[in-house]
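Residue numbers (this note's numbering), protein chains in the order written: chain A, 74 to 426; chain B, 4 to 108.
Just so it is clear, CB atoms sit at the ideal spot from N, CA and C, and this is done for glycine as well.
The next block holds one structure in the form of structure tokens; read it before the comments.
Written out as structure tokens, the structure reads:
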């Protein structure tokens, strides 16, 4: 049984920048296309960082909030794991930089994990496993991305989907905490579905002395070699075929039926994908809380952003099914209980930490 | 005028996605496929035939690719890939791919 008992969620916070980018203002779609895009994807607007702010800044402000809410001494935090695909630098790992910025102890474990849309269920499993096996009492799971910096603005297949966000989840060992149940999956045969093919850390296609210029992809869209390429049809096909059964396996492991779960929180991909998965997994539409309309696809941070945007619905303890899916391909589900008042409202900030 | 009718249509389309997958589909006629295809991309079935080069239709766009993949999943329990859409030219081509996957299921 893929269960980890004894890990309590103390607080979840998420931070976004204040700048709003609206679908109706996107210049690379015609007005008719903008309406149709908004109807199918459900995305009306997103938050985009300024040129100075990084994913780690948003995560750090969220971390301060959860530390404060949990009432923790910073020296008591034994692990900081950051899941991101937009680190501060290619090297070193951003989590280590954050250990210092957040004034955590040098005894704190810190490293980055390179996952995107599946970050939340994977991140909970990784942090909970380390806490249990190394007897680490308190840990921070930070998750965030600024996808806007990796996409070409002219790329209408990707740019109008993504919003920027960072998050923090405070976890604590507690023997009475209910078990979390996991179903975690991978399929690298789908690596080309979402890929940044080149750039400083790309050994398959390293940087050369030639000037970097835009080139057309197989879809005719012009991109720099280190821009994100997203094949929406392949992701859609994968998501509706593979994700509902992951949710069902995790529910079976936890002995829950869909109607015994308060909220299904899916990675916020787009409305058509999420509506299809919700129905195929046997949930009612109102169980699936969403932030697509206001925040778009916030990549790795989409599940905590969606929790926090609905913080007013967490004044009592809740049973959750959390499911991330996408880049890798990587997907997974976590059945998790959160106590009352642990989900904190969205933070808005344009500051660099 | 694709938007005039699309609200009710896409609602019906999404609610038609069953909780239980369409297992047990053994054969898909071209007529049935055209009817479902037309519903998915929100046009009248009369304007389509097996020879229609669907990606040349005025209403066709990349979002319709998603609608057709969703239709194949909901109505025939078949996983169409982006490559399946790219490699097919006519509705008849795509029907053959779906029919082949149904036969091999």
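Smallest Cα separation from residue 107(B): which of 82(B), 89(B), 90(B) and 45(B)? 82(B)
If you run the structure through DSSP and keep just helix, strand and coil, what is residue 71(B)? helix
Rank 220(A), 147(A) and 381(A) by C-alpha distance to the C-alpha of residue 177(A) and give the top, closest one. 147(A)
Please report the residue range of the alpha helix (DSSP H) in which residue 375(A) lies. 375 to 382
What is the DSSP secondary structure of residue 343(A), reduced to helix, strand or coil? coil
Are the C-beta atoms of residue 90(B) and some chain A residue less than 8 Å apart? no
Proximity test, Cβ basis, 8 Å: residue 322(A) and chain B: no
Using DSSP with H/G/I as helix, E/B as strand and the rest coil, what is residue 47(B)? coil
Using DSSP with H/G/I as helix, E/B as strand and the rest coil, what is residue 356(A)? coil
Three or more C-beta pairs closer than 8 Å, one from the segment 261 to 276 of chain A and one from the segment 98 to 108 of chain A: is that the case here? no
Exposed or buried, which one is residue 139(A) when buried takes at least 16 other CB atoms within 10 Å? buried
Residues in the same chain with beta-carbon distance under 6 Å from residue 255(A), minus the five sequence neighbours each way, listed in chain order, please. 75, 198 and 407
Taking contact to mean at least 3 C-beta pairs separated by less than 8 Å, is the segment 238 to 251 of chain A in contact with the segment 127 to 145 of chain A? yes
Select from 259(A), 412(A), 247(A) and 282(A) the residue whose C-alpha is nearest the C-alpha of residue 84(A). 412(A)
According to DSSP, residues forming a beta bridge with residue 289(A): 295(A)
Please report the straight-line C-alpha distance between residue 118(A) and residue 367(A), rounded to a whole angstrom. 5 Å
Along the segment 48 to 80 of chain B, where does the CB come closer than 8 Å to a CB of chain E? Name the residues. In the structure shown, chain E cannot be found, because the protein chains are A and B.
Helix or strand or just coil, what does DSSP make of residue 24(B)? Model confidence at residue 24(B) stands at a pLDDT of 48, short of 50, so the residue's coordinates are unreliable and nothing is read from them.
Mind checking which residues open and close the alpha helix (DSSP H) that includes residue 256(A)? Unbroken run through residue 256(A) is the beta strand (DSSP E), 253 to 259; no alpha helix (DSSP H).
Buried or exposed: residue 74(B), going by 16 or more other Cβ atoms within 10 Å of its Cβ? buried
Segment limits, alpha helix (DSSP H) that includes residue 114(A): 104 to 114
Please name the residues in the segment 292 to 310 of chain A whose beta-carbon is closer than 7 Å to at least one beta-carbon of chain B, in chain order. 304, 305, 306, 307, 309 and 310
Report, in whole angstroms, the separation of the C-beta atoms of residue 236(A) and residue 216(A), which I expect to be a contact under 8 Å. Their Cβ separation, rounded to whole angstroms, is 14 Å, which puts residue 236(A) and residue 216(A) out of contact at 8 Å.
Interface partners of residue 101(A) on chain B, CB under 7 Å: Chain B residues near residue 101(A): none, gap ~13 Å exceeds 7 Å.
Give the range of the alpha helix (DSSP H) segment to which residue 319(A) is assigned. 305 to 327
Which whole-angstrom value describes the C-beta separation of residue 274(A) and residue 224(A), a residue pair presumed to lie in contact below a C-beta threshold of 8 Å? Residue 274(A) to residue 224(A), Cβ: 18 Å. No contact.
Taking all protein chains shown into account, decide if residue 57(B) is buried (16 or more other Cβ within 10 angstroms of its Cβ) or exposed. buried
For a contact meaning CB atoms closer than 9 Å, what does residue 83(B) contact in chain A? 306 and 310
Mind listing, in chain order, the continuous alpha helix (DSSP H) runs of no fewer than 4 residues lying wholly within the segment 83 to 166 of chain A? 104 to 114 and 128 to 143
Smallest Cα separation from residue 188(A): which of 423(A), 421(A) and 340(A)? 340(A)
Check whether chain B comes within 8 Å of residue 287(A), counting only Cβ atoms and requiring the distance to be less than that. no
Given 8 Å as the limit, is there contact between the segment 31 to 46 of chain B and the segment 311 to 319 of chain A, that is, 3 or more CB pairs closer than that? no
Looking at the C-beta of residue 345(A), does it have a partner C-beta in chain B at a distance below 8 Å? yes
Terminal residues of the alpha helix (DSSP H) in which residue 98(B) lies: 94 to 107
Please confirm if residue 109(A) has its CB atom under 8 Å from at least one CB of chain B. yes
What is the DSSP secondary structure of residue 89(B), counted as helix, strand or coil? helix
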